[in-house]
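In what follows, a structure is listed as structure tokens, so that the remarks can point back to it.
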Amino acid sequence: MKIIVQEHDFDVGQELAAVAAGDLGVGGLASFVGRVRAGDAGHDVASMTLEHYPAMTQKVLEALVAEAAQRWQVRDATVIHRVGRLAAGEQIVLVAVASAHRGDAFAACEFIMDILKTRAPFWKKEQTPAGESWVEARGSDDVAVERWQPIE
Amino acid sequence: MKIIVQEHDFDVGQELAAVAAGDLGVGGLASFVGRVRAGDAGHDVASMTLEHYPAMTQKVLEALVAEAAQRWQVRDATVIHRVGRLAAGEQIVLVAVASAHRGDAFAACEFIMDILKTRAPFWKKEQTPAGESWVEARGSDDVAVERWQPIE
Amino acid sequence: MKVKLLYFASLRERFGTAEEILELPGEQSRVAMLVDVLRQRGAPWSELLSVDYPYRVAVNQELAGLISPLKDGDEVAIFPPVTGG
Amino acid sequence: MKVKLLYFASLRERFGTAEEILELPGEQSRVAMLVDVLRQRGAPWSELLSVDYPYRVAVNQELAGLISPLKDGDEVAIFPPVTGG
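Protein chains in written order, with my numbering: chain A, -9 to 142; chain B, -9 to 142; chain C, 323 to 407; chain D, 323 to 407.
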């Protein structure tokens, strides 16, 4: 497992090639790359600044990957999250999960992304022509998390 | 949209960089890479040979991507499927979907993979120490497809 | 009327051919009639093109059923369930 | 007892500081008491550490609630809802 928070960019091709490299038991590798979106009409985002709480981030991300590996068959996983100033179009986050079967790879990857969004201590500040402002948490992220609750 | 069936390998990093390249409206890129799995205990797969029905494959894959783009917001997508002889560990298929939001990217990507498995005319023959044999379709693939049925 | 038949994967191997041209009586036909003609050849046709074996049929590159119509010049592919991805 | 306080993002900016050491009465305390002490400073503390504002608290890097216990030397972080990914 590889879990890193860094300022510099990452090479998706290199990272994906390294997930479970040489593991012939892998049948599928699901991944997600989040990018800085330029915003919507009337809300142009030129860049964002990502801040985090380093001591907690690492703990949360490790716990998250461990939880995914308990719920699904995971042979290897990589999570890279960037911090600092990122221009529109730049990569923010990579989550990649290698499993024997595709269903596990997809579910674990999406689970990590969804929970990361509501539990990992990162904060985004947007730079727009109107000035800077902190991004507010979205209710849809909580909805995305709810479907992963264990069924009692 | 890029939909290709080819014998030679593909470079995942290059392909992912090309999906919706320069499109600042992309917030997420979900992808899946299928690899030749070496098999399970007592069933060692050294390689497989993939055969297809070229005239139909292209049509089916194009229809599939179009269907995904109708159901979810898709800004760009790439599907590459290899044919011919592939050794254990080699890449078979890449599906990548870029969307404004991650939920659409994940859903469209998984949808394309699930439906591809049951509708695209590819057939796998495995080479094991015990000889060659055609892979049988799996019931679990039909189950994976069922959840994508539109709710009436 | 004539149709072009294509076989894939295990069916191609079992039938020992990848394609053939088949003459069918009349100017129109249906997949069911084509399959009947093939089954009358005996094994392995009768064995593999039976309800016990989940073969698939595509007419002009679109999945078809037994009642799907056939016309002169159609391309008919017969193959086992697909296993790509 | 003393705790180390950390503020992040908009709260760090509004409070004008990233961290401070805070002395609390007694040898044990709770998050609720700490928040009370901070609110007594007046605005912006009283405004932002209110039920109208969905602030989060972590004690020693674990999310905590108002009744979570505090002891000498704890690291307490106060921040807005997270927006990573």
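Glycine residues also receive a C-beta, built at the ideal position from the N, C-alpha and C atoms.
With fewer than 16 other Cβ atoms inside 10 Å of its own Cβ, residue 354(D) counts as exposed. Exclusion of the five residues before and after residue 46(A) leaves 111 as the residues of its chain whose Cβ lies within less than 7 Å of its Cβ. Straight through space, the alpha carbons of residue 346(C) and residue 84(B) are spaced by roughly 41 Å. Close to residue 71(A), with beta-carbon spacing below 9 Å, are these residues of chain D in chain order: 406 and 407.
The beta carbon of residue 369(D) sits closer than 8 Å to the beta carbons of 375 from its chain, once the five residues preceding and following it are set aside; these are given in chain order. Minimum Cα-Cα distance from residue 329(D) among the listed residues 4(A), 54(A), 50(A) and 41(A) corresponds to 41(A). Taking a contact as a CB-CB distance under 8 Å, the pair residue 87(A) and residue 98(A) counts as one, their CB atoms being some 4 Å apart. Beta-carbon to beta-carbon, residue 103(A) and residue 92(B) are separated by about 6 Å, close enough to satisfy the 8 Å threshold. Counting along the chain, residue 75(B) sits inside the beta strand (DSSP E) bounded by residues 74 to 77. At a beta-carbon threshold of 9 Å, the residues of chain A lying near residue 402(D) are 113, 124, 126 and 127, ordered along the chain.
In chain order, 383 and 384 make up the part of chain D whose C-beta sits under 8 Å from the C-beta of residue 49(A). Per DSSP, the continuous alpha helix (DSSP H) segment holding residue 360(C) begins and ends at 353 to 361. Using beta-carbon distances, residue 76(B) does not count as an interface residue toward chain A, since no partner is under 8 Å. The C-beta separation of residue 398(C) from residue 379(C) comes to about 7 Å, placing the pair in contact by the 8 Å criterion.
Under the 8 Å criterion on CB atoms, residue 337(D) is classed as non-interfacial with respect to chain A.
Around the beta-carbon of residue 391(C), fewer than 16 other beta-carbon atoms lie within 10 Å, marking it exposed. Here residue 15(B) carries a coil assignment [DSSP, helix/strand/coil]. For residue 332(D), the closest Cβ of chain A is nearer than 8 Å. Taking the CA atoms as reference points, residue 324(D) sits about 5 Å from residue 394(D). For residue 6(B), there is no enclosing beta strand (DSSP E); the residue is found in the alpha helix (DSSP H) stretching over 2 to 8. Taking 8 Å as the upper bound for CB-CB distance, residue 117(B) and residue 0(B) are not in contact here, some 22 Å apart. Straight-line spacing of the CA atoms in residue 50(B) and residue 119(B) works out to 34 Å. By the Cβ neighbour-count rule, residue 366(C) is exposed, with fewer than 16 other Cβ atoms within 10 Å of its own.
The shortest CA-to-CA distance from residue 342(C) to any of 333(C), 371(C) and 326(C) is the one to 326(C).
By alpha-carbon distance to residue 333(C), the top candidate from 377(C), 382(C) and 363(C) is 377(C). As computed with DSSP, residue 89(B) is found in a beta bridge with 18(B). The beta carbon of residue 8(A) sits closer than 8 Å to those of -8 and 68, all from its chain and outside the five residues before and after it, given in chain order. The residue among 107(A), 72(A) and 115(A) with its C-alpha nearest the C-alpha of residue 125(A) is 115(A). With 16 or more other CB atoms across the displayed protein chains lying within 10 angstroms of its CB, residue 71(A) is buried.
By the Cβ criterion, the region 18 to 36 of chain B is in contact with the region 18 to 35 of chain A, since at least three pairs of Cβ atoms, one from each stretch, lie closer than 8 Å. Per the C-alpha coordinates, the member of 44(B), 74(B) and 58(B) positioned closest to residue 140(B) is 58(B). With fewer than 16 other Cβ atoms inside 10 Å of its own Cβ, residue 364(C) counts as exposed.
A distance below 7 Å between beta-carbons, with the five flanking residues on each side excluded, links residue 371(D) to the following residues of its chain, in chain order: 357, 360, 361 and 377. What residue 21(B) touches in chain A, judged by beta-carbon distance under 7 Å, is 21, going in chain order.
If you draw a straight line from the Cα of residue 95(B) to the Cα of residue 131(A), it comes to about 15 Å. Taking 8 Å as the CB threshold, residue 328(C) lines the interface with chain B.
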